[in-house]
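Enquirer:
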Ligand code: UGY
Ligand code: MN
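Numbering (this note's numbering), first residue to last: 3 to 245.
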């Protein structure tokens, strides 16, 4: 509705609805559009960037620096070009790119992908986490805290060299997070399909596919899936480092 949006920016959370998206582009990019949905500019420690490409294809360049990245292909396909290899990613494909590694994403008109980006937290006793890639649709979902109606797919290995987790949560209609979580870990989240109600701090929001959410550390959070189809979201979480 004219002059209205569901987008909300609060103290410890943000809900970003697609109607407010404004494009950016960056050095070395051609025919690719970034929507920087979450970033340190809003107080987050991560960035969550939605990228789309022109009908003739395009490329998005990320220089080698202290940032690590996870790429998730929501629709279409993409290629990750590195100095010594090209990784093709199908729909639901993902890749973890370690810090100090330059890469270029090449996509087409059908490609819609999300990049999670953050500064890698070195640990004196640990090596750098290796590059990896996979297909989320091939990863089995595990019942969350015993509930077979709330399945969690864990994309990255549970390995302390990785300081982030990226997961997909799929809820049958009526399924919920079992309790209101309040935790040190931060989340960046993208609704992939379905509808639900997200509790963030003391507010309750209807959410739907395409919405993004930032949950700062200690943002009380809860979710209930509603409607006739399962609700699914992709999310980032920082893990494996002392505060
Ligand atoms: O991993 C998590 O903290 C997850 N259960 N949080 C969430 O879905 N908001
Ligand atoms: Mn959580």
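Heads up, the beta-carbon is just placed ideally off N, CA and C, and yes, glycines get one too. From a predicted model like this one, the values you see are computed outputs, not experimental measurements.
How long is the line joining the alpha carbons of residue 170 and residue 156, rounded to whole angstroms?
Expert: If I take the Cα positions, the gap works out to 7 Å.
Enquirer: Which runs of the beta strand (DSSP E) at least 3 residues long sit entirely within the region 69-134? Give them in chain order.
Expert: Fully enclosed beta strand (DSSP E) runs of 3 or longer: 69-77, 80-83, 88-91, 95-99, 105-109 and 114-121.
Enquirer: DSSP state of residue 142, grouped into three classes?
Expert: Here residue 142 sits in coil by DSSP.
Enquirer: Flag residue 144 as yes if its beta-carbon sits less than 8 Å from any beta-carbon of chain D, otherwise no.
Expert: The structure shown contains no chain D, having only a single protein chain.
Enquirer: Could you tell me the alpha carbon to alpha carbon distance between residue 243 and residue 58, rounded to whole angstroms?
Expert: When rounded, the distance between both Cα atoms is 42 Å.
Enquirer: Which of helix, strand or coil does DSSP assign to residue 198?
Expert: Looking at residue 198 - three-state DSSP - the assignment turns out to be strand.
Enquirer: Residues in its own chain within less than 6 Å of residue 117 by CB, not counting five upstream and five downstream?
Expert: Only 51, 71 and 73 meet the Cβ criterion.
Enquirer: Please report how far the alpha carbon of residue 210 lies from the alpha carbon of residue 220, in whole angstroms.
Expert: The alpha-carbon atoms of residue 210 and residue 220 are separated by roughly 23 Å.
Enquirer: Which residue from 224, 81, 107 and 111 puts its Cα closest to that of residue 30?
Expert: For the residues 224, 81, 107 and 111, the minimum Cα distance to residue 30 belongs to 107.
Enquirer: Enumerated in chain order, which unbroken segments of the beta strand (DSSP E) with a length of 3 residues or greater are wholly contained in the region 25-71?
Expert: Correct list: 34-40, 48-55 and 60-64.
Enquirer: Between the C-alpha atoms of residue 32 and residue 69, what's the straight-line distance to the nearest angstrom?
Expert: One C-alpha to the other measures close to 21 Å.
Enquirer: Is the beta carbon of residue 225 within less than 7 Å of some heavy atom of the ligand UGY?
Expert: Residue 225 Cβ: within cutoff of the ligand UGY.
Enquirer: Quick one: Cα of residue 158 to Cα of residue 226, how far?
Expert: Each residue's Cα considered, the two are about 25 Å apart.
Enquirer: Comparing alpha-carbon positions, which option in 16, 3 and 12 lies nearest residue 216?
Expert: If we check each option's Cα against that of residue 216, 16 comes out closest.
Enquirer: Return the residue from the list 194, 196, 233 and 181 that minimises the CA-CA distance to residue 202.
Expert: Closest by alpha carbon: 181.
Enquirer: Report whether the distance from the Cβ of residue 237 to the nearest heavy atom of the ligand UGY is below 7 Å.
Expert: Yes, the ligand UGY has a heavy atom inside 7 Å of this Cβ.
Enquirer: Would you check if there are 3 or more beta carbon pairs closer than 8 Å linking the region 32-45 to the region 90-102?
Expert: The region 32-45, when compared against the region 90-102, does not touch it at the 8 Å Cβ threshold.
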